[in-house]
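Taking it in order: structure first as structure tokens, then the write-up.
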Amino acid sequence: MSQQALPSLAVLISGRGSNLQAFIDACDSGHLPARIGLVISNNPAAAGLQRAERAGIATQCIDHRDYQSREAFDGALVDALRACDIELVILAGFMRILTPVLIEPYLGRLLNIHPSLLPKYPGLKTHQRALDAGDTEAGATVHFVTRELDGGPPVLQARVPIVRGDTAESLAARVAAQEHAIYPLAARWFVEGRLALHATGATLDGAPIPATGIAYNSGMCG
Ligand code: NHR
Ligand code: GAR
């Protein structure tokens, strides 16, 4: 398949971009049969913008502070996505809550990775909350994005142990390694036409996905 014929992804970031890097690597290696058509950051200082530039990917910075409302910001995102014919939108450490202005046109084509074992710990500071609660496990969940913050149907979930002496930083690093495996895999299922969002929830190969997502194991090929 020529590069142009591959389905086009947009990756939305706010920071470091290690998940973006996992997508760049998965597209390059052929594990993910797609191309990244556009990287958008709301944060001009996001290190991930340089990763994209290094990989020769088009970037746009759409700074939320330049807009009067969340809806106006989301309208600018939608304009940028439409101009690039984007088939799947990947939120990868994107830190702005989205409104229906973006969610409605991309419903079913919009994924997020959240650094917790959803439905536990929606929102922010997930690793510290897991440590404070004395949990013995943490993880990450890929889910479809709906209006409900971190509440859309889960797709794929990876677990890691919490070990003695863990800090939010050490735990985040252990979770991030799993994120980099599961997120491109979920996107692969989507571009292969295997993963879909329906009114009743998410399905893989037509079968309903359990409420906490499919449990990832390292034998699943990415
Ligand atoms: N938007 C909707 N409508 N639904 C979801 O499930 C979304 C979403 C936008 C982003 C990612 C999410 C996460 O995985 C995500 C999921 C930002 C915040 C937040 O509070 C919460 C959850 C997530 C992302 N953002 C603040 C805001 O005012 C800003 C925080 C900051 O800049 O540090 O938008 O965790
Ligand atoms: C990731 O751990 C992701 O799960 C989390 O931010 C990190 C981004 O890292 N997402 C959120 O907290 C969304 N609110 P990255 O920029 O290196 O991919």
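Heads up: take any position in the sequence shown, counting from 1, add 799, and you land on our numbering. Note that the Cβ used here is the ideal one computed from N, Cα and C, for glycine as well.
As assigned by DSSP and simplified to three states, the class of residue i
| i | result |
| --- | --- |
| residue 927 | helix |
| residue 809 | strand |
| residue 911 | strand |
| residue 962 | coil |
| residue 860 | strand |
| residue 972 | helix |
| residue 848 | helix |
| residue 829 | coil |
| residue 904 | helix |
| residue 1007 | strand |
| residue 840 | strand |
Member of the options whose CA lies at the smallest distance from the CA of residue i
| i | options | result |
| --- | --- | --- |
| residue 914 | 971, 825, 886 | 971 |
| residue 987 | 817, 829, 883, 816 | 829 |
| residue 1029 | 847, 855, 818 | Outside the displayed range of the chain (800 to 1021) lies residue 1029, so it cannot be described from this structure. |
| residue 887 | 895, 875, 874, 901 | 901 |
| residue 984 | 813, 816, 824, 814 | 824 |
| residue 898 | 839, 834, 944, 861 | 944 |
| residue 978 | 1015, 951, 994 | 1015 |
| residue 811 | 860, 924, 954 | 860 |
Counted within 10 angstroms of its Cβ, other Cβ atoms place residue i as buried (16 or more) or exposed
| i | result |
| --- | --- |
| residue 868 | exposed |
| residue 847 | buried |
| residue 1018 | exposed |
| residue 937 | buried |
| residue 947 | exposed |
| residue 896 | exposed |
DSSP bridge partner residues for residue i (one or two, in chain order)
| i | result |
| --- | --- |
| residue 1001 | 996 |
| residue 834 | 807 |
| residue 1013 | 955 |
| residue 989 | BP columns for residue 989 are empty, so no partner. |
| residue 939 | 957 |
Cβ distance (whole Å) where residue i is taken to contact residue j below 8 angstroms
| i | j | result |
| --- | --- | --- |
| residue 940 | residue 1012 | 6 angstroms |
| residue 1004 | residue 961 | That pair is no contact at about 33 angstroms. |
| residue 850 | residue 892 | The pair is not a contact, with the Cβ atoms about 12 angstroms apart (cut-off 8 angstroms). |
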